[in-house]
Amino acid sequence: MAQRNRVEISYGALQHNVRVIRAAAQPRALIAVVKADAYGLGVERCARIYVEAGVAGVAVATVGEAQRVAAAVPATRIMLLGSPLPEERQAVVDAGCDVWVSSGDEILDFATRAHPQRPARVHLAVDTGMGRSGCRPDQAMDLVRLILSQPNLRLVGVATHYPQALDAAFALQQEQAFAAFVAELQACMGRFADDFWIHQANSEGLLVRPMGPCTAVRVGILLTGVSAERIAGKTLRPALRWRSAVTLVKELPAGHSISYNRTCILTRPTRVALISVGYADGYPFQCSGKGASVLIRGCRCAILGRVTMDYLVVDVSDLQGVPVPGEEVVLVGEQGGAGISVAELAQWADSIPYDIICGFRGRCEILGVP
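Residue numbers (my numbering): 317 to 686.
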């Protein structure tokens, strides 16, 4: 059965992006973040591609995601970001995942669930300004000593996180606090093991901040290439193309209203096309009345009126020829030399690219292409 709309994920683009980012991050390990179903692109699919392309490990947000990655790419190092629920902790230990800890209570609880022959693998998270996971920097060394005192635990990394890497002054404060902690940690532990991850930089941090003492970087949305950034002189490739189709074309007179609440009244005779995508598929309702458009035959066609649950109505009056039902419509990506980026769609929706690509819903088929 034909799909109403489809997101195509380019394996070649993802592989290219891993190679470019790995080269930029060297000699640091590249951790591929695949939380939120790999930002909507499919956690199993992306984890396989990233591991085959040479990432050092994969990071997820939930135990369920960790289990899916483990099934898709066995023997891959998997890191669980943040704090699992108490009832999930045994599953984390049993799976052999790395896990962030932020408090003495978490540390001692994980210690009761593991054993010396298979210790729980923990990263101490340090909150240098995110206000989310992590202990305060002045608490960090006491928690390190607590971890090291537990034979059932192995400290395999330390982490912090930027809330806004582009805020240079605040990012520098974070880096200084984290570097001071790492120096104290090294004085306590001596030489770190080769697989010990010291990680601070996320996608934005890799682009704009120095790496300092870090031995690994966590990169998520940058791997998808949605913003086509340049890194070390090379351009990332957008890995995502979202397309739909025309279902109906009709002629309407001036004065006719379009869509719910009649927010659009036509000022001229207009040829309109009905497009088989709506907010139930993940196309943002917030794009209503914002000047958003789609691509048909390589030309931008404006969305008229409100985005509805199942459809968009677009103005095709200025196209050469009349579109036919079944004809391709591009919502994100390129067509005929023109393009609409995820960032542009997010701007129309007063949102961010993360929100757009995490929003694809059940009727929207996600398909891998070369």
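Even for Gly, the Cβ is constructed at its ideal location relative to N, Cα and C.
On the DSSP bridge list, what partners appear for residue i?
{"i": "N518", "result": "DSSP, once it has assigned bridges, lists no residue as partnering N518."}
{"i": "S573", "result": "I581"}
{"i": "E560", "result": "The sequence given here places Ser at residue 560; Glu does not occur at that position. Answer by DSSP bridge pairing, in chain order: V645."}
{"i": "I547", "result": "K550"}
{"i": "G473", "result": "H439, W513"}
{"i": "V588", "result": "K566, D631"}
{"i": "L539", "result": "In the DSSP output, where bridge partners are listed per residue, L539 has none listed."}
{"i": "H611", "result": "The residue asked about is misnamed: residue 611 is Leu in this sequence, not His. Bridge partners of L611: R616, V646."}
Under three-state DSSP, which class holds residue i?
{"i": "K606", "result": "coil"}
{"i": "E500", "result": "helix"}
{"i": "G594", "result": "coil"}
{"i": "D671", "result": "helix"}
{"i": "E660", "result": "helix"}
{"i": "D631", "result": "strand"}
{"i": "E681", "result": "strand"}
{"i": "G655", "result": "strand"}
{"i": "V524", "result": "helix"}
{"i": "D626", "result": "coil"}
{"i": "F676", "result": "coil"}
{"i": "L357", "result": "coil"}
{"i": "R322", "result": "strand"}
{"i": "L482", "result": "coil"}
{"i": "D410", "result": "helix"}
{"i": "A495", "result": "helix"}
{"i": "R364", "result": "helix"}
{"i": "F508", "result": "coil"}
{"i": "A665", "result": "coil"}
{"i": "A555", "result": "coil"}
{"i": "Q636", "result": "coil"}
{"i": "P686", "result": "coil"}
Spatial neighbours of residue i within its chain, please: CB distance less than 6 Å, with the 5 preceding and 5 following residues excluded, ordered by chain position.
{"i": "D666", "result": "Q602"}
{"i": "L538", "result": "S519"}
{"i": "V389", "result": "A363, R364, V367"}
{"i": "G356", "result": "I673, C674, F676"}
{"i": "E643", "result": "V562"}
{"i": "K550", "result": "V336"}
{"i": "Y502", "result": "Per the sequence shown, residue 502 should be read as Gln rather than Tyr. Excluding residues within five positions, none has a Cβ falling inside 6 Å."}
{"i": "M317", "result": "Any reading at M317 is ruled out, since the residue's pLDDT is 47, under 50, leaving its predicted position unreliable."}
{"i": "R580", "result": "Residue identity check: residue 580 is Cys in the sequence provided, not Arg. I574, L620, G621, listed in sequence order."}
{"i": "M457", "result": "E500"}
{"i": "R393", "result": "G373"}
{"i": "L427", "result": "In the sequence on display, residue 427 carries Ala and not Leu. Same-chain partners within the cutoff: Q466, N468, L469."}
{"i": "V646", "result": "R559, L611"}
Considering only residues of the same chain and omitting the five flanking positions on each side of residue i, which have a CB-CB separation below 7 Å?
{"i": "M625", "result": "G594, Y595, A596"}
{"i": "L459", "result": "G420, I423, L440, C451"}
{"i": "Q319", "result": "E681"}
{"i": "P479", "result": "G445, M446"}
{"i": "T586", "result": "L568, D631, S633"}
{"i": "R338", "result": "L346, G370"}
{"i": "A493", "result": "T444, P453"}
Would you kindly report the start and end of the unbroken beta strand (DSSP E) that includes residue i?
{"i": "L620", "result": "From DSSP, L620 is part of no beta strand (DSSP E); its letter is neither H nor E."}
{"i": "A532", "result": "532-535"}
{"i": "V646", "result": "644-651"}
{"i": "V415", "result": "414-417"}
Tell me whether residue i counts as near the ligand ATP, meaning its Cβ is closer than 8 Å to at least one heavy atom of that ligand.
{"i": "V438", "result": "Inclusion of the ligand ATP in the displayed structure is not the case, the ligand content being empty and no account of it being possible."}
Going by beta carbon distance, what residues of the same chain come within less than 8 Å of residue i, once the five residues before and after it are set aside?
{"i": "I347", "result": "V371, A372, G373, V374, A375, M395, W513, H515, A532, V533, R534, V535"}
{"i": "A377", "result": "K351, A352, L396, L397, G398"}
{"i": "P641", "result": "A561, V562, T563, L564, V565"}
{"i": "F508", "result": "Q502, I514, T531"}
- Message: List, from N- to C-terminal side, the beta strand (DSSP E) runs of 3 residues or more that fit wholly inside the region 421-469.
- Response: Runs found: 436-441.
- Query: For the region 366-408, which segments carrying the alpha helix (DSSP H) assignment without a break, of at least 4 residues, lie completely within its bounds, in sequence order?
  - Reply: Whole alpha helix (DSSP H) segments, 4+ residues: 379-388.
- Could you pull out every unbroken alpha helix (DSSP H) segment of at least 4 residues lying fully inside the region 326-351, listed in chain order? With a minimum length of 4 residues, the unbroken runs of alpha helix (DSSP H) contained wholly in the region 326-351 fall at 327-341.
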